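Protein sequences, first through last, are from chains A and C. For what it's worth, the working numbering labels the leading residue of the first sequence as 1, then goes sequentially. For what it's worth, the working numbering labels the leading residue of the second sequence as 1001, then goes sequentially. Glycine included, every Cβ here is placed at the ideal spot set by N, Cα and C. Note that this is a predicted model, so its numbers are computed, not measured. Remarks on the structure that follows.
2 protein chains.
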Amino acid sequence: MRTLAEENYLKAIYNLSQNETGATASKLSEKLNVKLPTINSMVNKLADKELVEYKKYKGFILTEKGKKQALEVIRKHRLTELFLVKIMGFGWEEVHDIAEEVEHIKSPLFFEKMDLILSNPKYDPHGAPIPDKNGKLPKTNLKLLSNIEIGKTVRFVAVSDSSSDFLSYLSRVGISLYSSIEIIDREVFDGLLKIKVNNITTTLSGQVAEKILVE
Amino acid sequence: MRTLAEENYLKAIYNLSQNETGATASKLSEKLNVKLPTINSMVNKLADKELVEYKKYKGFILTEKGKKQALEVIRKHRLTELFLVKIMGFGWEEVHDIAEEVEHIKSPLFFEKMDLILSNPKYDPHGAPIPDKNGKLPKTNLKLLSNIEIGKTVRFVAVSDSSSDFLSYLSRVGISLYSSIEIIDREVFDGLLKIKVNNITTTLSGQVAEKILVE
DNA sequence: TATATTTGTTAGATAAGTCTAACAAATTAT
DNA sequence: ATAATTTGTTAGACTTATCTAACAAATATA
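Next up, the structure:
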């Protein structure tokens, strides 16, 4: 039986692997709020179970088996988030933390029912793709808002940060998922971005623009 | 922070205390599927935290604090069961095991939302009362079907066993919550019971009749 | 390139929750 | 009332997931 801690390590390693930088001990340590030696001993355990591949002083990569298990947990997380928003009436900025708990429920029936009620949804309320029962993810081709050329108009399809603080901020400045965003101007020095959304001109910091995914 | 194991002990002790026999080490051991010495060490811990009162070789009783915490978990369990049936479309025989997992979710928001969606419900799908936010339970005056005199007609309002096996059996023989049950005859030797439900005559064993609560 | 800094590893300790083996108290049966 | 049985307790071991302290490798800096 997979433990709660194991599930969290698999998920964190999966998520870190999606960045170019890959999953290292110190990044995991920061993400999981756990000291470095703990990471070390846990990753050794996961390696014994053939869930990650790992050579000393090199980073970690999930095996196929590990990846499959990580995607199961991610599926549960994202299905839950959508269920919370669509069926229970939560705001998109409220659901991340609740889903962090619900994703560890074992009962397959519970999540199958969510999937049924939501009609096999493909994306969660933050635009992240929901893996299907076999761990398959819909292909997406996303760009960072911070990299789009001046003058272009793009569609806001996902965020890379689901924290309540960030999402509340976006709501506050009137940017919601699937909005059209026109790039008016960008400050070279710090990436400060002038955009037009719903005919209103707003300014976003470079940090914020890096968390907004568009197509 | 209350641990999962702690919550399960509190709940089990609370439930056992409801029977006349009270909560003893061996009963807890059986209920929680844990060996006797484990019960001993855990109950000692709970006593240190002033959640149960306990004198060697005597049974366990929850303190006010312990009772309050047990009722919080029971509230989560029963709210969840009703949510699963009413909102998610599960059958009453499917929800117990799922609720055993969901009841340990910490997020108060999650359960407040269920409560809101269900409009402050008073009873779960098995007729058990749902404690309110302060741990108050609606007073109920229930009798066992096995104790009702011959000739009387009663209303089936709750079960004392929420297992899938038992509930499926009841559904199969056509007895559902809030049915009227007329006692036709009872065998003195083993309590075998002849009843009439919806104008159909059925026979129930003594064991089954003891798990059916009526008023 | 040599040194300093950052990152990763090993060793050993701790807390929670479980177990088995051995024993003691309470209860039941003879 | 004594013996047998059941129930409860103590002692000590094990596993999981964490920690701190000490050290080693890799990387960055002077």
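query                                                                                                                                                                                                                : result
In or out: Thr-201/A buried (at least 16 other Cβ within 10 Å) or exposed?                                                                                                                                           : exposed
Compare the C-alpha of Ala-209/A against each of Val-188/A, Glu-182/A and Asn-147/A and name the closest.                                                                                                            : Asn-147/A
Compute the Euclidean distance between the alpha carbons of Lys-1067/C and Ala-1025/C, then round it to the nearest angstrom.                                                                                        : 18 Å
Let me know the secondary structure DSSP gives Tyr-275/A once reduced to three states.                                                                                                                               : This structure leaves residue 275/A out entirely; chain A is present only between 1 and 215.
Check whether chain A comes within 7 Å of Ile-1130/C, counting only Cβ atoms and requiring the distance to be less than that.                                                                                        : no
Cβ atoms of Ala-99/A and Tyr-14/A: under 7 Å apart, would you say?                                                                                                                                                   : no
Can you confirm whether the region 1145 to 1161 of chain C touches the region 1120 to 1136 of chain C when touching is taken to mean that 3 or more C-beta pairs between the two stretches lie within less than 8 Å? : yes
Please work out which residues of its chain come closer than 8 Å, Cβ to Cβ, to Thr-240/A, disregarding the five sequence neighbours upstream and downstream, and give them in chain order.                           : The shown model of chain A, from 1 to 215, leaves out residue 240/A, and the question about it has no answer.
How would you label Val-1188/C, buried or exposed, when you count the other beta carbons within 10 angstroms and need 16 or more for buried?                                                                         : exposed
Would you kindly report the start and end of the unbroken alpha helix (DSSP H) that includes Phe-1166/C?                                                                                                             : 1164 to 1172
Quick check: is the beta carbon of Met-1042/C nearer than 7 Å to any beta carbon in chain A?                                                                                                                         : no
At a CB distance below 9 Å, what residues from the region 104 to 129 of chain A approach chain C? Give them in sequence order.                                                                                       : His-104, Ile-105, Lys-106, Ser-107, Leu-109, Phe-110, Lys-113, Met-114, Leu-116 and Ile-117
When you compare the CB of Met-1001/C with every CB in chain A, is at least one pair closer than 7 Å?                                                                                                                : no
When you compare each of Ile-1195/C, Lys-1211/C and Met-1114/C to Ser-1162/C by their alpha carbons, which one comes out closest?                                                                                    : Lys-1211/C
Give the residues of chain A in contact with Phe-1060/C, contact being defined as C-beta atoms less than 8 Å apart.                                                                                                  : Those within 8 Å of Phe-1060/C in chain A number zero; the least Cβ separation is about 28 Å.
Using a Cβ cut-off of 7 Å, which residues of the region 1055 to 1086 of chain C contact any Cβ in chain A, in chain order?                                                                                           : none
Residues in its own chain within less than 8 Å of Thr-203/A by CB, not counting five upstream and five downstream?                                                                                                   : Leu-192, Leu-193, Lys-194 and Ile-195
To the nearest angstrom, report how far apart Arg-1186/C and Val-1197/C are at their CA atoms.                                                                                                                       : 15 Å
So the candidates are Thr-1140/C, Met-1001/C, Lys-1056/C and Leu-1177/C; which of them puts its Cα closest to the Cα of Lys-1049/C?                                                                                  : Met-1001/C
Taking only the alpha-carbon atoms, compute the straight-line gap between Val-73/A and Ile-1117/C and give it to the nearest angstrom.                                                                               : 27 Å
In chain order, what residues of the region 1150 to 1176 of chain C put their CB closer than 7 Å to some CB of chain A?                                                                                              : none
Cβ of Glu-101/A less than 7 Å from any chain C Cβ?                                                                                                                                                                   : yes
Where does Leu-204/A fall in DSSP's three states?                                                                                                                                                                    : strand
Taking Ser-1107/C and Asp-97/A to be in contact with their CB atoms under 8 Å, please state how far apart those CB atoms are, rounded to whole angstroms.                                                            : 7 Å
Which same chain residues, not among the five before or five after Ile-1150/C, have their C-beta less than 8 Å away from its C-beta?                                                                                 : Ile-1183, Ile-1184, Asp-1185 and Arg-1186
So what does Ala-23/A bridge to, in DSSP terms?                                                                                                                                                                      : Phe-60/A
When you compare the CB positions of Glu-93/A and Ser-168/A, do they come within less than 7 Å of one another, or not?                                                                                               : yes
Would you call the CB atoms of Glu-7/A and His-77/A closer than 7 Å?                                                                                                                                                 : no
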